[in-house]
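Contents: one structure, followed by commentary.
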Amino acid sequence: MSERQTVSFTQMKDGTKEDYDLLERLEKPYLSLTADRVMDELRRQGEVSLEGYRITRLDHGLQSASRALREGADIDWVVGTLLHDIGDGLAPQNHDRFSAEVIRPFVRWDVAWVVEHHGIFQMLYYGHHYGWDRNARDQFKDHPCFESCAAFCERWDQASFDPDYVAEPLATFEPMVREVFARTAYDPAVIREGEVTGLPPL
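For the sequence shown, my numbering gives the first residue as 287, with consecutive numbering after it.
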């Protein structure tokens with residue numbers, strides 16, 4: 287067994303260029319496995335779910351993404367939709383923002399914005415049952431992605447808790463997940479800051 291390579295420092299401020307070159311080199315294989323970790327988390331969501339729902343979190347993601355795919359959405363929308371609740375396991379109180387950070391380096395900015403804000407937009411459907419403001423999303427009414435997020439929630443998210451819906455299997459989406467996470471992080475040609483594509487028309 288080869289000896290494990292480590293940096294020389296115990297405080298980051300004391301690191302040398304050689305230390306940071308080593309870290310950069312060792313990080314590359316780890317970064318290349320991001321899609322594997324995402325797929326593992328999706329599978330885990332099929333085994334452990336929040337109580338009360340009639341389907342698992344994986345089923346919900348698959349249903350949502352299947353609706354997007356079947357309506358002709360592009361790869362950014364499909365993968366963003368599949369992963370819109372990927373943060374549920376570690377960040378149930380702010381899963382929308384957590385999920386958005388997972389995909390943000392690799393998808394268009396409007397897709398990441400929609401995933402980041404879908405939680406507050408979803409309150410339209412149930413907030414009043416808890417005494418919350420179901421129209422809290424209106425604070426974003428002038429944002430260019432408002433209509434996209436409203437449509438995302440109506441067409442793909444809130445409708446996808448149906449145990450009788452026949453969704454595509456995870457294998458359908460795995461090549462798309464791998465393609466998206468193989469992109470160069472924060473590539474301006476991918477992010478397309480300020481451009482709003484919107485959902486495909488019905």
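Just so you know, even glycine gets a beta-carbon here, dropped at the ideal spot from N, CA and C.
Quick caveat, the model's predicted, so the values are computed rather than measured.
Other residues of its chain near Q444: CB distance less than 7 Å, five sequence neighbours each side excluded
To locate residue 444, count along the sequence shown from 1; it is residue 158. Q408, Y411, listed in sequence order.
Just tell me which of C435, Y316, R478 has its CA closest to the CA of A468.
By one-based count along the sequence shown, residue 468 stands at place 182. Of the listed residues, the one whose Cα sits closest to A468 is Y316.
Curious, which full-length alpha helix (DSSP H) runs of at least 4 residues does the region 297–363 contain?
At a cut-off of 4 residues, the continuous stretches assigned as alpha helix (DSSP H) that sit fully inside the region 297–363 are 303–318, 320–331, 343–356.
Sort P486, E304, R394, V463 by Cα distance to T320 and report the nearest one.
As a first step, residue 320 is located in the sequence shown; it is residue number 34 there, counting from the start. Checked all of P486, E304, R394, V463; the closest Cα to T320 is V463.
Where Q408 falls: helix, strand or coil (DSSP):
Your numbering for residue 408 matches position 122 in the sequence shown. Q408 falls in the helix class under three-state DSSP.
Secondary structure at T470, three-state DSSP: helix, strand or coil?
Numbered from its first residue, the sequence shown carries residue 470 at position 184. Look at T470 here: in three-state DSSP terms it is coil, with no helix or strand label.
Compute the beta-carbon to beta-carbon distance between A453 and L336, rounded to the nearest angstrom, for a pair I have assumed lies under 8 Å.
Translated into positions along the sequence shown, residue 453 becomes position 167. Translated into positions along the sequence shown, residue 336 becomes position 50. Separation of the CB atoms of A453 and L336 is rounded to 18 Å, and the pair is thereby denied contact status at 8 Å.
In angstroms with no decimal places, state the Cα-to-Cα distance between A386 and D362.
Looking up residue 386 in the sequence shown gives position 100. Looking up residue 362 in the sequence shown gives position 76. Rounded to whole angstroms, the separation of the alpha carbons of D362 and A386 is 12 Å.
Check P461 in the structure and name its three-state DSSP category.
Position 175 of the sequence shown holds residue 461. P461: helix per DSSP, three-state reduction.
Looking only at its own chain, which residues have a Cβ that is under 6 Å from the Cβ of G358, when we skip the five neighbours before and after it?
Translated into the one-based positions of the sequence shown, residue 358 becomes position 72. Correct list, in chain order: P486.
Compare the Cα-Cα distances from R420 to each of N380, V388, R329, G405 and report the closest residue.
Start at 1 with the first residue of the sequence shown, and residue 420 comes out as number 134. Here the closest residue by C-alpha is G405.
From V259 to L312, what does the alpha carbon distance come to, in whole angstroms?
This structure does not reach residue 259, given that the chain is present from 287 up to 488, and the question cannot be answered.
Cα-Cα separation, T296 to F384:
Looking up residue 296 in the sequence shown gives position 10. Looking up residue 384 in the sequence shown gives position 98. C-alpha separation (whole angstroms): 30 Å.
To the nearest angstrom, how far is the alpha carbon of D345 from that of H429?
Against the sequence shown, residue 345 aligns to sequence position 59. Against the sequence shown, residue 429 aligns to sequence position 143. Spanning the two alpha carbons is a distance of roughly 31 Å.
Contact set for A471: own chain, Cβ-Cβ below 6 Å, skip 5 residues either direction:
As a position in the sequence shown, residue 471 is number 185, starting the count at 1. P391.
7 Å CB neighbourhood of L308 in its chain, flanking five on each side removed:
Looking up residue 308 in the sequence shown gives position 22. Same-chain partners within the cutoff: Q291, V293.
Exposed or buried, which one is W418 when buried takes at least 16 other CB atoms within 10 Å?
Along the sequence shown, one-based indexing puts residue 418 at 132. Its Cβ having fewer than 16 others within 10 Å, W418 is exposed.
Select from Q331, V364, E310 the residue whose C-alpha is nearest the C-alpha of P459.
Position 173 of the sequence shown, counting from 1, holds the residue named residue 459. The sequence as given places Phe at residue 459; Pro does not occur at that position. Nearest of Q331, V364, E310 to F459, Cα basis: V364.
Once the 5 residues before and after A377 are set aside, which same chain residues still bring their CB inside 6 Å of it?
Against the sequence shown, residue 377 aligns to sequence position 91. Correct list, in chain order: F384.
Taking a contact to mean a Cβ-Cβ separation below 9 Å, would you say Y451 touches S352 in this structure?
By one-based count along the sequence shown, residue 451 stands at place 165. By one-based count along the sequence shown, residue 352 stands at place 66. Contact: yes.
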